[in-house]
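Peer 1: Mind having a look at this structure? Questions to follow.
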Amino acid sequence: MQLSDHQSLSHQRYDCAIIGAGPAGCAAATALTLKGRTVALFDLGQKRSVKVGESLPAHAEPYLRDLGLSELLQIPDHTAYEGNSSSWGQEELQVMHFILNPYGRGWHLNRVQFEKDLKSQVQALGVEYFPGRVSALK
Numbered sequence: 026m027q028l029s030d031h032q033s034l035s036h037q038r039y040d041c042a043i044i045g046a047g048p049a050g051c052a053a054a055t056a057l058t059l060k061g062r063t064v065a066l067f068d069l070g071q072k073r074s075v076k077v078g079e080s081l082p083a084h085a086e087p088y089l090r091d092l093g094l095s096e097l098l099q100i101p102d103h104t105a106y107e108g109n110s111s112s113w114g115q116e117e118l119q120v121m122h123f124i125l126n127p128y129g130r131g132w133h134l135n136r137v138q139f140e141k142d143l144k145s146q147v148q149a150l151g152v153e154y155f156p157g158r159v160s161a162l163k
């Protein structure tokens with residue numbers, strides 16, 4: 026593997042390489058590491074100060090719990106919510122309350138903090154994180 030800054034990683038071997046260290050990439054890296062695989066996680070490492078409008082539905086929490094990541098929701102930067110109101114292409118709001126949802130409440134996320142915490146968590150598990158663009162695989 027070669028990063029765009031010409032840093033070569035050919036002397037290192039991994040069971041899996043994941044491109045993208047957002048929530049899906051970090052969840053995949055966590056799951057693979059918990060199964061005993063060695064993982065290299067690549068990401069552009071772009072720093073954003075704000076990512077607007079990020080919510081996590083209630084049914085996502087059991088997956089985070091299974092990966093040992095649900096405690097990441099328990100910080101003041103994230104707010105639990107009990108339902109959604111939305112309007113997609115119509116004037117009338119559609120309202121969905123979570124009172125009957127078997128998974129409970131959803132979460133409004135500080136996405137920047139959530140992704141930072143996810144990356145820290147996967148690195149603590151032993152995933153090797155490489156900021157930069159992958160330019161070649163061999």
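So my numbering is basically just the index in the sequence shown, starting at one, shifted up by 25.
Quick reminder that beta carbons are idealized off the backbone N, C-alpha and C, glycines included.
1) Give me whichever residues DSSP pairs with T104 in a beta bridge.
2) Can you name, in chain order, every residue of its own chain whose Cβ lies under 8 Å from the Cβ of A56, other than the five neighbours on each side?
3) Going by alpha carbons, who is nearest to S110 out of L89, P101, V120, S160?
4) Work out the CA separation of V64 and D167 for me, nearest whole Å.
5) Do I43 and L66 count as a contact pair if the criterion is CB distance below 8 Å?
6) Buried or exposed: R136, going by 16 or more other Cβ atoms within 10 Å of its Cβ?
Peer 2: Taking the structure as given:
1) Along the sequence shown, read from residue 1 onward, the residue named residue 104 stands at position 79. The beta-bridge partner set that DSSP reports for T104 consists of H133.
2) As a first step, residue 56 is located in the sequence shown; it is residue number 31 there, counting from the start. The answer, listed in chain order, is L92.
3) Walking along the sequence shown from the start, residue 110 turns up at place 85. Of the residues L89, P101, V120, S160, the one whose Cα lies closest to the Cα of S110 is V120.
4) What is shown of the chain runs 26 to 163, which leaves residue 167 out entirely.
5) By one-based count along the sequence shown, residue 66 stands at place 41. By one-based count along the sequence shown, residue 43 stands at place 18. Taking 8 Å as the Cβ cut-off, L66 and I43 qualify as a contacting pair.
6) Looking up residue 136 in the sequence shown gives position 111. That one is buried.
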